[in-house]
Each structure stands twice: as structure tokens, then as C-alpha cells.
Amino acid sequence: MELLTADYSFLNERLAAHYGLRNIYGSHFRRVTFADRARGGLLGQASLLTVTSYPNRTSVTMRGRWLLANLLGAPPPPPPPDIPALKEAGVDGQPRSLRERMEMHRKNPACASCHQRMDPLGFALENFDAVGKWRTSSDGAPIDPSASFPDGTRFEGVAGLRTLLVSHKEDFVRTLCGKLLAYAIGRGLDYHDIPAIRAVARDAAPADYSWSSVIAGIVKSTPFSMAVASGESRRSTSGAEAVTTKPADAAARPGKVPR
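Counting from 5, one number per residue, gives the positions in the sequence shown under our numbering.
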């Protein structure tokens, strides 16, 4: 669970300066404990915050969608066609606040069902700009990182979002196990892999989902064992064919002396 709850990261001088931290020098990375918990774990990683933003501004929708798909295992469906892009602040009378513009966007019934799930997660990360630097205002308006879901669940900022994700620990762990298993077996997952994913997560629980327990569970899983066995079978078959090809070809061509 340290992917979510860690109060440290590995920084060099350049990255530390990007995070606004002083007295860290040199190009080598070293473990740094944060006094401010906003930076801990995945949620405070500038790399993640940058790839879920546009070049010129953040995107609560992109960030929320990424979190749903990659941390909670609940990706929203693709957007419907012909949905207009969100207008920039102050254009055509648009309000300056991103939150106000998103509220207008969500009034479209075709958008509301998915954005009610994605946008609150993204709003909680609005204190990070498009390249992951900390900020307190945007477009001249103060940032409001509070959010709520339709069921009434409320949270505020990255700390509240982290607490929310930890409260859905089982969803996070199953999603992580599924992604690691897909990487390990070199293919996408199918419905028949679900029992194995659940077993890996269940067996890792007594060790508080440590990396070693999760990796051991994946290596012992049936999908991984079958993938390895299938690969060995293919290599063995291809080797046998290579050994028998030349004699078979020579026998089929009388008068030719194999060299």
C-alpha cells in the first residue's frame, strides 16, 4: 500500500527543485522524506500529474479517468461522439474558474453520468499544475480542491483523495495484481483470469500486500504457469523441427548429398 501512502520519494537536485525542496544537491537520486504528505506516493508524482494534463492546463477529467482505470479498476466508457471541447477561461464569456467551467460541461446529460465519477477525483488534485508543481490559484481564481460523489462521499485535496483510495484497498490491490499479471504473462486479461487475480490479492493480504507476496502469488498462479509451459512447448517444437528439416529435405531429393 506504500504506492498510495508513502511519505517519501527518490529525488535528485533537479527534481527536488521542481518540487520546491531545498538543500538537495547532485544528480544522483536518494530517498527523501516529505514533511508535507501531499507529495507522498503515486498521487504526488510529477510524472503522473504531467501525463494526465494538457500541455497548457490541467485536466480533472483525464486525471479522474486515469485514477478510475488504473487504481480502482473501474474505467469509464469512451465519451459519446460530437462532444465539444471545454472552452478556455474567459473565452466567449466562460467563467475563469475551471470548476465552474466543468460544472457547465456536466450539465450535458450525455456527459453527466461519467463526469460525476471522474471529475471529483481530478478536482482533488487541482493543487498540482500541468507539470506537477504545487499551486494555490489558477487563472486568477483560488483553487478549491474539495469534491464529492453523488452518494454523498466528500473529500478534499490530495490527502482526502489518498484516504478515499486507501478505504477502497481491495479494489486497488486487485487492479494492481491484474496489471502485474498481464505484464508477467505478456497478454491481455480475460474473464478466466479473474479467479487467479483474486487469489493473488487474497494470499497477499496477511503480508499487508508486500511486493514480495504479490510477485510470489503471480509466479505461482495458473495463468503464469500455463504461459511459461506454453512458451517452453513452442521452443521445444521449434527445436525439433530444426533438427529434422535437413534430413527430410535430403531424402526428398535423391542424388543430392547433404553437406
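Each residue gets a CB set at the ideal place from its N, CA and C atoms; glycine is no exception.
Tell me the rounded alpha-carbon separation between residue i and residue j.
{"i": "Ala231", "j": "Tyr23", "result": "42 Å"}
{"i": "Leu168", "j": "Tyr58", "result": "25 Å"}
{"i": "Arg206", "j": "Cys181", "result": "10 Å"}
{"i": "Glu160", "j": "Val36", "result": "25 Å"}
{"i": "Ser217", "j": "Leu193", "result": "21 Å"}
{"i": "Ser150", "j": "Phe38", "result": "23 Å"}
{"i": "Asp86", "j": "Ile147", "result": "30 Å"}
{"i": "Gly221", "j": "Tyr12", "result": "27 Å"}
{"i": "Arg41", "j": "Thr140", "result": "16 Å"}
{"i": "Leu102", "j": "Phe14", "result": "32 Å"}
{"i": "Ser229", "j": "Glu107", "result": "49 Å"}
{"i": "Ser242", "j": "Tyr187", "result": "Bear in mind that the predicted position of Ser242 carries a pLDDT of just 48, short of 50, making it too unreliable to give a figure here."}
{"i": "Ser214", "j": "Asn112", "result": "43 Å"}
{"i": "Leu2", "j": "Tyr195", "result": "Residue coverage of the chain in this structure runs from 5 to 263, which leaves residue 2 outside it and unanswerable."}
{"i": "Asn74", "j": "Ser51", "result": "15 Å"}
Please list, in chain order, all residues of the same chain as residue i whose beta carbon is under 8 Å from its beta carbon, the five residues on each side excluded.
{"i": "Ser31", "result": "Asn16, Glu17 and Arg18"}
{"i": "Leu72", "result": "Ala78, Pro79, Pro80, Arg121, Met122 and Leu125"}
{"i": "Ala10", "result": "Gly44 and Gly45"}
{"i": "Val211", "result": "For the record, residue 211 in the displayed sequence is Ala; it is not Val. Correct list, in chain order: Ser217."}
{"i": "Ile219", "result": "Leu184"}
{"i": "Ser240", "result": "Since pLDDT at Ser240 reaches only 49, below the 50 mark, its modelled position is unreliable, and no value is offered."}
Residue i by DSSP, collapsed to three states: which one?
{"i": "Ser57", "result": "strand"}
{"i": "Ala135", "result": "Reading off the sequence shown, one finds Val at residue 135, where the question assumed Ala. In the structure shown, Val135 sits in coil (DSSP, three-state: anything other than H, G, I, E or B)."}
{"i": "Gly259", "result": "With a pLDDT of only 41 at Gly259, under the threshold of 50, the placement of this residue in the model should not be trusted; the figure read from the coordinates follows. If DSSP states are grouped into helix, strand and coil, Gly259 belongs with coil."}
{"i": "Phe228", "result": "helix"}
{"i": "Arg43", "result": "helix"}
{"i": "Arg121", "result": "helix"}
{"i": "Leu282", "result": "The structure shown does not extend to residue 282, since the chain is modelled only from 5 through 263, so no value can be given for it."}
{"i": "Leu15", "result": "strand"}
{"i": "Arg34", "result": "strand"}
{"i": "Met5", "result": "coil"}
Please name the residue, chosen from the options, that lies closest to residue i on a Cα-to-Cα basis.
{"i": "Ala128", "options": "Arg34, Arg158 and Met5", "result": "Arg158"}
{"i": "Ala2", "options": "Arg105, Pro84 and Val135", "result": "Because residue 2 is not part of the residues shown, which for the chain are 5 to 263, the question remains open."}
{"i": "Asn60", "options": "Ala134, Gly68 and Glu104", "result": "Ala134"}
{"i": "Glu174", "options": "Glu160, Leu76 and Arg43", "result": "Leu76"}
{"i": "Ala203", "options": "Lys224, Ser214, Arg26 and Ser171", "result": "Lys224"}
{"i": "Asp143", "options": "Thr62, Ser51 and Val170", "result": "Thr62"}
{"i": "Val55", "options": "Arg41, Trp70 and Arg139", "result": "Trp70"}
{"i": "Phe33", "options": "Ala20, Arg41, Leu25 and Ala42", "result": "Ala20"}
{"i": "Arg178", "options": "Leu165, Ala209 and Arg191", "result": "Ala209"}
{"i": "Thr65", "options": "Ala50, His172 and Arg110", "result": "Arg110"}
{"i": "Met5", "options": "Leu47, Leu25, Asn27 and Arg26", "result": "Leu47"}
{"i": "Ser117", "options": "Pro154, Met108, Val170 and Tyr187", "result": "Pro154"}
{"i": "Leu8", "options": "Ser171, Leu25 and Arg67", "result": "Ser171"}
{"i": "Glu104", "options": "Asn74, Ala145, Gly68 and Arg67", "result": "Ala145"}
{"i": "Arg67", "options": "Leu165, Asn27 and Asn112", "result": "Leu165"}
Got a sec? Which residues, its chain only, sit under 6 Å from residue i by beta carbon, not counting five neighbours each side?
{"i": "Lys137", "result": "none"}
{"i": "Tyr29", "result": "Glu17"}
{"i": "Phe132", "result": "Leu53"}
{"i": "Glu130", "result": "Ile147 and Pro149"}
{"i": "His119", "result": "Arg110"}
Residues in its own chain within less than 7 Å of residue i by CB, not counting five upstream and five downstream?
{"i": "Pro227", "result": "Leu185, Ile189, Asp197 and Ala200"}
Is the CB of residue i under 8 Å away from at least one CB in chain E?
{"i": "Gly68", "result": "Chain labels in this structure do not include chain E; a single protein chain is all it has."}
- Query: Fully enclosed by the stretch 141–168, which beta strand (DSSP E) runs are 3 residues long or longer?
  - Reply: Correct list: 150–152 and 158–160.
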